[in-house]
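> Counted from 1, the sequence shown has number 70 at position 56 by the numbering used here; the numbering is strictly sequential. No residue lacks a Cβ here, since even glycine has one placed at the ideal position from N, Cα and C. I'd like to ask some things about the structure below.
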Amino acid sequence: MATETGNYRDYQGPASRFPGSAPSTHVRDARLTLLETLIPEIFTAKRCLDIGCNAGRVSCQLAFDFRAASVTGVDIDPQLITQAESLLALRSSRVRPAAHDSQHVVDYFPISAVLKHGYRFEPQGKVSHSPEPSSIPRQWPCVSFVSEDWVVSTNPATTESYHVILALSVIKWIHLEHLDEGLVRFFRKCASSLASGGYFIVELQPWESYEKAIRPNTAPHFQANFQKLKYRPETSFTELLQEQGLDICTTSEALPRRIIVYRKR
15 MATETGNYRD YQGPASRFPG SAPSTHVRDA RLTLLETLIP EIFTAKRCLD
65 IGCNAGRVSC QLAFDFRAAS VTGVDIDPQL ITQAESLLAL RSSRVRPAAH
115 DSQHVVDYFP ISAVLKHGYR FEPQGKVSHS PEPSSIPRQW PCVSFVSEDW
165 VVSTNPATTE SYHVILALSV IKWIHLEHLD EGLVRFFRKC ASSLASGGYF
215 IVELQPWESY EKAIRPNTAP HFQANFQKLK YRPETSFTEL LQEQGLDICT
265 TSEALPRRII VYRKR
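Right, here's the structure in full:
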């Protein structure tokens, strides 16, 4: 069941898995792998914003596995941000530090070593709402997590210019919470937060997904808002994004949910 903000605890997402793969934190997210295939090195050395980062799985993989220059993960649920900090601490603790003649080696130390000897980098133990988000460690990887409603936030820590903004399995909840006006505001903020030529990545949640969201065992408190919605993901989103200067760059239906990449003019 979804929380009041629409989050699912321990959520992996149907589009993140190929049949038979385990939803483990060390298995590369199929959406990120697909995106790198569609646009080679789309994340490499880029500043990335992961909106609705949940427990931090995608954000951490962007930094550790896809070599993003920096990653900011934002989620409205502080409990999920705490989980994200713990995952960041775990993955940071498994890295072999760089030496004068070698680079960092990701997942070098086994998880059993971390469990036996403890974290090399402890979780922050607090949720950041301040202009200076927490980061573990402060140098590499440059990953930070912030708990906030990004649509209405004016936090300078999450309003810088990004090369890539990801909205994976989250726009539906933003739409249900903030209505059509809030959706337009969200798209406008995404466009203004992107550097010229930057990418906005959408995992499309179809209208039937909205209908399932308001069921009694999911998030029935959104029923009234649902009735007010006029814009629909399959018919309205691309036009709304074009109005904000974002054009379709590429799209794929290789996974259960369509992935669309928009690019800022």
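1) Using a Cβ-Cβ cutoff of less than 6 angstroms, which residues in the same chain neighbour alanine 209 once the five nearest sequence positions on both sides are dropped?
2) Which whole-angstrom value describes the C-beta separation of tryptophan 164 and isoleucine 65, a residue pair presumed to lie in contact below a C-beta threshold of 8 angstroms?
3) When the Cα of lysine 60 is compared with those of Trp221, Cys156, Asn239 and Ser161, which residue comes out closest?
4) Assign valine 109 to buried or exposed, taking buried as 16 or more other Cβ atoms, counted over all protein chains shown, within 10 Å of its Cβ.
5) According to the Cβ coordinates, are leucine 182 and valine 41 closer than 9 angstroms?
6) Isoleucine 185: which of Ile90, Lys130, Gly259 and Pro54 sits nearest, CA to CA?
7) Within 10 Å of its beta-carbon, does glutamate 162 have 16 or more other beta-carbons around it, so buried, or fewer, so exposed?
8) Taking 9 angstroms as the threshold (C-beta atoms), are leucine 52 and leucine 180 in contact?
9) DSSP three-state label for isoleucine 125, please.
10) Between the C-alpha atoms of isoleucine 188 and serine 158, what's the straight-line distance to the nearest angstrom?
11) For leucine 269, which residues in the same chain have their Cβ closer than 7 angstroms to its Cβ, ignoring the five residues on either side in sequence?
12) Cα separation between alanine 69 and serine 106?
13) Which residue marks the beginning of the alpha helix (DSSP H) containing phenylalanine 57, and which one marks its end?
14) Figure out for me which residue from Gln237, Glu222, Trp221 and Gln75 has the closest Cα to the Cα of isoleucine 228.
15) Identify whether isoleucine 215 lies in helix, strand or coil by the three-state DSSP scheme.
16) In the DSSP output, what is phenylalanine 201 paired with across the bridge?
17) Please return the same chain residues whose Cβ sits closer than 7 angstroms to the Cβ of glutamine 75, not counting the five positions on each side in sequence.
18) Can you give the Cα-Cα distance for threonine 232 and histidine 114, rounded to whole angstroms?
19) With which residues is serine 73 paired in a DSSP beta bridge?
20) For isoleucine 215, which residues of its own chain have a beta-carbon under 6 angstroms away from its beta-carbon, when the five flanking residues on both sides are left out?
21) With DSSP run on the structure shown, which of helix, strand or coil describes glycine 132?
22) Can you tell which of Cys204, Lys226, Ala98 and Ala77 has the C-alpha that lies nearest to the C-alpha of valine 120?
23) Give every residue of the same chain whose Cβ lies closer than 7 angstroms to the Cβ of glycine 211, excluding the five residues on either side of it in the sequence, and list them in chain order.
24) So what does isoleucine 181 bridge to, in DSSP terms?
25) Which class does lysine 186 belong to by DSSP, given the choice of helix, strand or coil?
Result, derived from the coordinates:
1) By one-based count along the sequence shown, residue 209 stands at place 195. So the qualifying residues of the chain are Ser175 and His177.
2) Indexing the sequence shown from 1 puts residue 164 at position 150. Indexing the sequence shown from 1 puts residue 65 at position 51. Sure, about 5 angstroms apart at Cβ, within 8 angstroms.
3) By one-based count along the sequence shown, residue 60 stands at place 46. Lysine 60 has its Cα closest to that of Cys156, out of Trp221, Cys156, Asn239 and Ser161.
4) Within the sequence shown, numbered from 1, the residue matching residue 109 stands at position 95. Looking at its Cβ environment, which holds 16 or more other Cβ atoms inside 10 Å, valine 109 is buried.
5) Counting from one through the sequence shown, the residue named residue 182 turns up at place 168. Counting from one through the sequence shown, the residue named residue 41 turns up at place 27. Cβ distance not < 9 angstroms, so leucine 182 and valine 41 don't count as in contact.
6) Here residue 185 refers to the residue found at position 171 when the sequence shown is read from its first residue. Nearest of Ile90, Lys130, Gly259 and Pro54 to isoleucine 185, Cα basis: Ile90.
7) In the sequence shown, counting from the first residue as 1, residue 162 sits at position 148. The residue is buried, with at least 16 neighbouring Cβ atoms inside 10 Å.
8) The residue labelled residue 180 in the question sits at position 166 within the sequence shown. The residue labelled residue 52 in the question sits at position 38 within the sequence shown. Contact: no.
9) Along the sequence shown, one-based indexing puts residue 125 at 111. DSSP places isoleucine 125 in helix when its eight states are reduced to three.
10) The count along the sequence shown starts at 1 and reaches residue 188 at position 174. The count along the sequence shown starts at 1 and reaches residue 158 at position 144. C-alpha separation (whole angstroms): 22 angstroms.
11) The residue given as residue 269 occupies position 255 in the sequence shown. Contacts found: Ala29, Ala44, Arg45 and Leu48.
12) Taking the sequence shown and counting its residues from 1, the one referred to as residue 69 is at position 55. Taking the sequence shown and counting its residues from 1, the one referred to as residue 106 is at position 92. In a straight line, the C-alpha of alanine 69 is about 15 angstroms away from that of serine 106.
13) Here residue 57 is taken as the residue at index 43 of the sequence shown, counted from 1. Run containing phenylalanine 57: none; DSSP gives neither H nor E here.
14) Sequence index remark: in the sequence shown, residue 228 carries index 214 (1-based). Minimum Cα distance to isoleucine 228 is reached at Gln237.
15) By 1-based counting over the sequence shown, the position of residue 215 is 201. If DSSP states are grouped into helix, strand and coil, isoleucine 215 belongs with the strands.
16) Reading the sequence shown from its first residue, position 187 is the one you call residue 201. Paired residue(s): none; phenylalanine 201 is not in a bridge.
17) For the purposes of this step, residue 75 is taken as residue 61 along the sequence shown, with counting starting at 1. Closer than 7 angstroms at the Cβ level, and outside the excluded window around glutamine 75, lie Arg42, Asp43 and Leu46.
18) In the sequence shown, counting from the first residue as 1, residue 232 sits at position 218. In the sequence shown, counting from the first residue as 1, residue 114 sits at position 100. Rounded to whole angstroms, threonine 232 to histidine 114 spans 52 angstroms at the Cα level.
19) As a first step, residue 73 is located in the sequence shown; it is residue number 59 there, counting from the start. Answer is none; serine 73 lacks a bridge partner.
20) Counting from 1 along the sequence shown, the entry for residue 215 is found at position 201. Answer for isoleucine 215: Leu180 and Val275, listed in chain order.
21) Here the question's residue 132 lines up with position 118 in the sequence shown. Three-state result, glycine 132: coil.
22) Residue mapping note: residue 120 aligns to position 106 of the sequence shown, counting from 1. When each option's Cα is compared against that of valine 120, the closest is Ala77.
23) Residue 211 sits at position 197 when you count from the first residue of the sequence shown. Within the same chain, and ignoring the five residues on either side of glycine 211 in sequence, the residues whose Cβ sits closer than 7 angstroms to its Cβ are Arg277 and Lys278.
24) For the purposes of this step, residue 181 is identified with residue 167 of the sequence shown, where counting begins at 1. In the sequence as displayed, the identity of residue 181 is alanine instead of isoleucine. Paired residue(s): Ile65 and Val216.
25) One-based indexing of the sequence shown puts residue 186 at position 172. It is helical.
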